Structure formats: C-alpha cells, structure tokens
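In the UniProt record's numbering, the protein residues as written are 1 to 208. Here the structure comes first, spelled out in structure tokens, and everything after it is commentary.
This is the structure:
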C-alpha cells in the first residue's frame, strides 16, 4: 500500500558537496538517481517542479520527461526550454525526480511500482539540499493495516538501507531523518519500528 505522505524520509545538507544553485542541484540529482537506479529503487522518467516569481509566488508547474540515462546538460536544457514565456525571470523550485522501482513480495517475486522511492533536490540560491522519501509499507515490519510482514521487510528493507549508505558515501555526509508523519518516520537507514500491541502495529488505513 502507498501512503499520501512519507512513511520515512532522509535529508542531506549538501553545502559541502557542491555550491548552491540550479546547476549543482541537477548534477546532484543525476548522481543520486544513478545510485538509486543501481539498487533497483528508482528508474527515473519524470522531473517535476514549480516556477516561482519573487513577490508573487508560484506561477505554474512543469513536468519534464527524463531520458533513460539523464545528464545534467539534458535536464538543464529541458528546464530552460520550458520556462514560462510570461515570466522570463521565474525561478525553479524543488526538483522532484520520480519513476518506477522494483520490490519483492513474500515469495520473492519481483514487482514494479511507481514512486517506490522519490528523490527531491532543492536548488536554492544560498543552500543546496536533497531528500529521499518512501511512501509504501514494504519497508517496515508491518503493513499499513498493522499486520506484520517480516518476509516482505527482509526482502526489501536491506536494499533501501544499502542505497542510503551508498548515497552517504557519495555525498560525504550522513542524512538526517525527515519529519515524522502519520505513516511513520525514519530510524537509521529504514522506517522506525512501530509500537506493537498483541503483536500488531497501528492500523493506518483510515488515511489511505
């Protein structure tokens, strides 16, 4: 099951990795997506962002199709070509890169799922940051009904942890856990263990 909010997220401050700005954000997005792709968690096919004008706020949203193996230059040209004609000074907001990923069920069968892992990079003028978020229940000990599924967790959570550690090595800094939501929070390199009552976790389906 997929939640409307993050089940867990991890955030990186990247000021020591690269200078702030759009070019650095695109380079970080490409390199981070390569790591996630190598782990089978994100095959990017879409880049989405909002345009902002100082003093006015958001003036629209653009979604760009991402090629099989995107480069910083391709993404930069795509963004430049989609700038709103009526707002030539519009700035790019948070860059959300999404696509499909692979997960494994309790029997070990591989399955594909949209937005299994979502990567967001923030190209602010004075600060560069990135976030990796997960929205599905396959990473935790229980599904969103509160039913334990340790076999599913065992087949998927280590892959996520391995990818997060690889990103840590790439970026040269450890991630901070993102904000907790109704659906969970990060603890280390995976979702936190829920509080169990009679062997079951909380039933979260009322918000699905």
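Heads up, the beta-carbon is just placed ideally off N, CA and C, and yes, glycines get one too. Every value quoted in this text rests on a predicted model; they were computed, and no experiment measured them.
*Given that a residue counts as buried once 16 or more other Cβ atoms are within 10 Å of its Cβ, and exposed if not, what is residue 92?*
By one-based count along the chain shown, residue 92 stands at place 92. By the neighbour-count definition (other C-beta atoms within 10 Å, threshold 16), residue 92 is a buried residue.
*Rounded to whole angstroms, what's the CA-CA distance from residue 9 to residue 188? Just pull it up for me.*
Here residue 9 corresponds to residue number 9 of the chain shown, with the count starting at 1. Here residue 188 corresponds to residue number 188 of the chain shown, with the count starting at 1. If I take the Cα positions, the gap works out to 10 Å.
*Between the stretch 14–25 and the stretch 133–153, do three or more beta carbon pairs fall short of 8 Å?*
In short, these stretches do not touch, since the Cβ pair count stays below three.
*Can you name the start and end residues of the beta strand (DSSP E) that residue 113 belongs to?*
As a working mapping, residue 113 is identified with position 113 in the chain shown. That run of the beta strand (DSSP E) goes 110–114.
*asked:* Under DSSP, the alpha helix (DSSP H) around residue 150 begins and ends at which residues?
replied: Translated into positions along the chain shown, residue 150 becomes position 150. According to the DSSP assignment, residue 150 belongs to the alpha helix (DSSP H) that extends over 150–171.
_According to DSSP, residues forming a beta bridge with residue 95_ = Position 95 of the chain shown, counted from the first residue, corresponds to residue 95. Looking at the DSSP assignment, residue 95 forms a beta bridge with 121.
*For residue 100, decide whether its Cβ has a neighbour in chain B, counting only Cβ atoms nearer than 8 Å.*
Annotation note: the requested chain B is absent from the structure, which comprises a single protein chain.
_Per DSSP, cross-strand counterpart(s) of residue 61_ = Here residue 61 corresponds to residue number 61 of the chain shown, with the count starting at 1. Note: residue 61 sits in a beta bridge opposite 50.
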